[in-house]
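S.K.: Here it is: the structure, laid out below.
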Amino acid sequence: MSSMLPSAESDLSQRLKEQWGNTVVEFMRARFLDRHARGRTLRTALLQDAATTPSQSNSFCILKIDEYLEQCQVVGAPISYNPQPFLIQPRSIISIRGCFQLSLLQYLGQRLNAPTEALIGHLAFPKSFQVRAVKSQQNPFFTVQMITLGQAAPEFITGRKSRAVQYRRVNIHGAGHFSVEQQVTFIPFDLSHQAWSGLVLNDSGDPSGTTPWSNDTTSEQRFFPLMRSGSCAFDLPDMRNHDLPTGRNDNEYISPDPCYSRAKRDTEFLLDPELCVQDPFVFLCDLLDTSALCWTRFLSFMEEPLDCPNLNADQHAEILLHDKRIIDRANVYFSTVLDFIDQRHQLEWPVAAIGAQVEDIARRVRGDFMQLQTRALSLLDMRTQSIQIIMSTISIQESKKGLEQAERVGLLTLLAFVFIPLTFISSLFGMNVTAFTSPNPSLKYFFAIALPFTAVCVAIPLWGQIRKGYASLCTMIKNRYFGFRVAKLKNQV
Numbered sequence: 000m001s002s003m004l005p006s007a008e009s010d011l012s013q014r015l016k017e018q019w020g021n022t023v024v025e026f027m028r029a030r031f032l033d034r035h036a037r038g039r040t041l042r043t044a045l046l047q048d049a050a051t052t053p054s055q056s057n058s059f060c061i062l063k064i065d066e067y068l069e070q071c072q073v074v075g076a077p078i079s080y081n082p083q084p085f086l087i088q089p090r091s092i093i094s095i096r097g098c099f100q101l102s103l104l105q106y107l108g109q110r111l112n113a114p115t116e117a118l119i120g121h122l123a124f125p126k127s128f129q130v131r132a133v134k135s136q137q138n139p140f141f142t143v144q145m146i147t148l149g150q151a152a153p154e155f156i157t158g159r160k161s162r163a164v165q166y167r168r169v170n171i172h173g174a175g176h177f178s179v180e181q182q183v184t185f186i187p188f189d190l191s192h193q194a195w196s197g198l199v200l201n202d203s204g205d206p207s208g209t210t211p212w213s214n215d216t217t218s219e220q221r222f223f224p225l226m227r228s229g230s231c232a233f234d235l236p237d238m239r240n241h242d243l244p245t246g247r248n249d250n251e252y253i254s255p256d257p258c259y260s261r262a263k264r265d266t267e268f269l270l271d272p273e274l275c276v277q278d279p280f281v282f283l284c285d286l287l288d289t290s291a292l293c294w295t296r297f298l299s300f301m302e303e304p305l306d307c308p309n310l311n312a313d314q315h316a317e318i319l320l321h322d323k324r325i326i327d328r329a330n331v332y333f334s335t336v337l338d339f340i341d342q343r344h345q346l347e348w349p350v351a352a353i354g355a356q357v358e359d360i361a362r363r364v365r366g367d368f369m370q371l372q373t374r375a376l377s378l379l380d381m382r383t384q385s386i387q388i389i390m391s392t393i394s395i396q397e398s399k400k401g402l403e404q405a406e407r408v409g410l411l412t413l414l415a416f417v418f419i420p421l422t423f424i425s426s427l428f429g430m431n432v433t434a435f436t437s438p439n440p441s442l443k444y445f446f447a448i449a450l451p452f453t454a455v456c457v458a459i460p461l462w463g464q465i466r467k468g469y470a471s472l473c474t475m476i477k478n479r480y481f482g483f484r485v486a487k488l489k490n491q492v
């Protein structure tokens with residue numbers, strides 16, 4: 000019997016490997032990722048033999064749900080954790096922050112039976128897209144979008160680098176502000192009645208690491224902190240203020256990590272830990288709270304007028320169009336959150352025994368994102384109207400430039416009608432003709448021929464204006480003559 004156990008385990012491992020390979024290939028083809036060099040390289044790496052022991056060098060932990068909540072205070076935030084042997088226990092949280100290694104990704108994909116869309120889709124693929132769930136069939140996972148507002152010199156922002164921190168996009172706003180878009184993917188697994196385990200994939204890695212977009216560690220880089228004051232609100236100075244609040248540590252804001260920034264402000268876990276242990280949706284709501292906080296900060300920044308007096312109309316329109324695209328993506332995300340909250344009962348997730356409290360939490364989170372969506376739609380209207388006004392202004396300016404250029408071309412053409420006839424007559428008199436050379440004709444003959452000929456040539460392009468002027472002159476003479484006759488008749492009467 001014992002001799003068959005290794006064989007059975009080997010068969011199970013082989014089946015899991017084949018199943019993983021099929022899902023990887025299907026996912027890559029559905030997203031057209033296998034047609035790119037990076038996609039083919041990644042597919043080869045994902046299908047190779049995984050390490051016997053999965054590993055993750057940094058920003059990784061496996062804890063019981065209650066232990067995780069006690070240590071992190073905010074879901075997705077970094078915690079002090081001593082690495083232990085990789086052992087997945089019931090009711091545990093696997094937290095991976097930053098770029099995770101492929102051996103761990105393969106292990107999770109094969110052993111946890113997690114959705115391929117959630118695992119591989121979490122990687123920041125170039126030239127890829129995400130498929131939204133329909134209302135009638137929600138995905139068994141959720142991707143939370145984060146955005147962090149910061150200030151730095153744009154010349155220090157460079158391309159993607161292999162650091163612990165990864166990001167989706169870096170957006171430039173004016174001369175001294177930028178934003179970093181990231182995401183956190185939450186994947187529940189081992190679901191049963193009021194019991195579950197979960198996988199949290201966070202783009203933000205070790206907060207003590209160097210930022211991924213700056214090649215100069217001495218440059219000034221600061222991120223606005225997340226400070227909570229009530230529900231979905233902030234207690235901060237002016238949005239455009241370049242100085243951090245007094246008494247704050249600058250090192251707290253050098254990493255684009257909303258979960259870490261919020262953990263520095265919240266002294267305790269805001270939700271009921273017991274509800275989180277029972278219901279994964281309550282656990283997810285804490286991530287949605289962090290998302291609502293950072294999007295509130297960003298939309299507040301977008302509502303401030305752009306103070307860039309040195310920008311021309313084209314540059315201003317380009318900035319507004321770029322901001323509109325960001326807000327468009329935010330509006331799609333807000334709609335996704337609202338649909339997920341409304342249709343969450345379709346999922347086979349465990350439900351807490353105290354359903355009324357969960358419904359209150361859902362209504363609060365839904366209200367926050369309804370408010371964010373309303374603000375986003377208002378900003379979209381403002382950006383659209385501003386772009387239309389600027390484009391109309393640019394069109395008027397271009398029309399004026401075209402008219403001015405047409406006038407200059409008209410003057411140049413008129414000069415050509417003067418000089419070309421004179422040049423022709425001059426060349427005619429300069430010909431080696433006996434009538435012109437012996438004896439040489441007087442200069443008056445040249446002017447007697449050149450001036451009438453030039454006058455006729457100039458009158459050709461001006462013929463329309465001459466006719467209009469002649470008609471106006473005739474009308475004026477008739478009016479004066481008619482007025483004179485009327486006055487004379489009145490005097491006779």
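Sequence positions in the sequence shown follow numbering that gives the first Met the number 0 and run 0 to 492. We put the CB at the ideal spot given by N, CA and C, even for glycine.
State the DSSP-derived secondary structure class of V281, mapped to helix, strand or coil.
M.R.: V281 falls in the helix class under three-state DSSP.
S.K.: Rounded to whole angstroms, what is the Cα-Cα separation between Y106 and Y67?
M.R.: If you take the alpha carbons of Y106 and Y67, they lie about 22 angstroms apart.
S.K.: Does the distance from the CB of L190 to the CB of I95 come in under 7 angstroms?
M.R.: No, the pair does not count as a contact, with Cβ atoms beyond the cut-off.
S.K.: List the endpoints of the continuous alpha helix (DSSP H) containing E180.
M.R.: First-last for E180: 176-191, but that is the beta strand (DSSP E), not the alpha helix (DSSP H).
S.K.: Can you check which of these residues, A117, M390, H121, is closest to L320 by C-alpha distance?
M.R.: Among A117, M390, H121, the Cα nearest to that of L320 is on M390.
S.K.: Would you call M145 buried or exposed, if buried means 16 or more other Cβ atoms sit within 10 Å of its Cβ?
M.R.: By the neighbour-count rule (16 or more Cβ atoms within 10 Å), M145 is buried.
S.K.: If you draw a straight line from the alpha carbon of L15 to that of C284, how long is it in whole angstroms?
M.R.: Spanning the two alpha carbons is a distance of roughly 32 angstroms.
S.K.: Would you check if there are 3 or more beta carbon pairs closer than 8 angstroms linking the segment 171-178 to the segment 328-336?
M.R.: Output reads no: the segment 328-336 does not touch the segment 171-178.
S.K.: Please go through the same chain and pick out, in chain order, the residues whose beta-carbon is closer than 6 angstroms to the beta-carbon of F26, but skip the five residues on each side of it.
M.R.: T115, I119.
S.K.: Span of the beta strand (DSSP E) holding S94?
M.R.: Where S94 is concerned, the enclosing beta strand (DSSP E) stretches over 91-96.
S.K.: Could you give the distance in angstroms between the alpha-carbon of L421 and the alpha-carbon of T453?
M.R.: Distance between the alpha carbons of L421 and T453: 7 angstroms.
S.K.: For the beta strand (DSSP E) that contains V364, what are its first and last residues?
M.R.: Careful: V364 lies outside any beta strand (DSSP E), inside the alpha helix (DSSP H) at 354-428.
S.K.: Taking DSSP as the reference, what is the three-state secondary structure of W19?
M.R.: It is helical.
S.K.: Considering Cα atoms alone, identify which of C71, F99, L103 is closest to L86.
M.R.: Nearest option by C-alpha distance: L103.
S.K.: Going by other Cβ atoms of all chains shown within 10 Å of its Cβ, with 16 needed for buried, is Q277 buried or exposed?
M.R.: When all chains shown are included, Q277 counts as buried.
S.K.: Out of L274, W294, I325, K399, which one is the CA nearest neighbour of E358?
M.R.: That would be L274, whose Cα lies nearest to the Cα of E358.
S.K.: With DSSP collapsed to three states, give me the class of L62.
M.R.: In this structure, L62 counts as strand in the three-state DSSP scheme.
S.K.: Who are the near neighbours of C258 in its chain, counting only those whose CB is closer than 6 angstroms to its CB and skipping five residues on each side?
M.R.: V73, G75, A76, T289.
S.K.: Can you check which of these residues, N21, L148, F141, is closest to C293 by C-alpha distance?
M.R.: Nearest of N21, L148, F141 to C293, Cα basis: L148.
S.K.: Anyone know if the C-beta pair for S178 and F188 falls short of 7 angstroms?
M.R.: Result no, Cβ atoms of S178 and F188 do not sit closer than 7 angstroms.
S.K.: Looking only at C-alpha atoms, which of S260, F297, Q356 sits nearest to P272?
M.R.: The option with the nearest alpha carbon to P272 is Q356.
S.K.: Counting only beta-carbon separations shorter than 7 angstroms, does K63 have a partner in chain B?
M.R.: Here there is only one protein chain, and chain B is not present.
S.K.: Please state the DSSP three-state secondary structure of A470.
M.R.: DSSP places A470 in helix when its eight states are reduced to three.
S.K.: Which residues bound the alpha helix (DSSP H) around Q129?
M.R.: Here Q129 belongs to no alpha helix (DSSP H), and DSSP marks it neither H nor E.
S.K.: May I ask you to report which of helix, strand or coil DSSP gives F140?
M.R.: If DSSP states are grouped into helix, strand and coil, F140 belongs with coil.
S.K.: Taking the straight line between their C-alpha atoms, what separation do you get for Q342 and S398?
M.R.: Roughly 53 angstroms separates the two Cα atoms.
S.K.: Within a Cβ cutoff of 7 angstroms, which residues of the same chain sit near L46, ignoring the five residues on either side of it in sequence?
M.R.: G20, V23, listed in sequence order.
S.K.: So what does DSSP say about N240, is it helix, strand or coil?
M.R.: At N240, the pLDDT of 37 sits below 50, so the modelled position is not reliable and the matter cannot be decided from this model.
S.K.: So the candidates are T43, D65, Q70, F99; which of them puts its Cα closest to the Cα of F59?
M.R.: That would be F99, whose Cα lies nearest to the Cα of F59.
S.K.: Give me the residue from T392, L461, I448 with the minimum Cα distance to L414.
M.R.: For L414, the nearest C-alpha among the options comes from L461.
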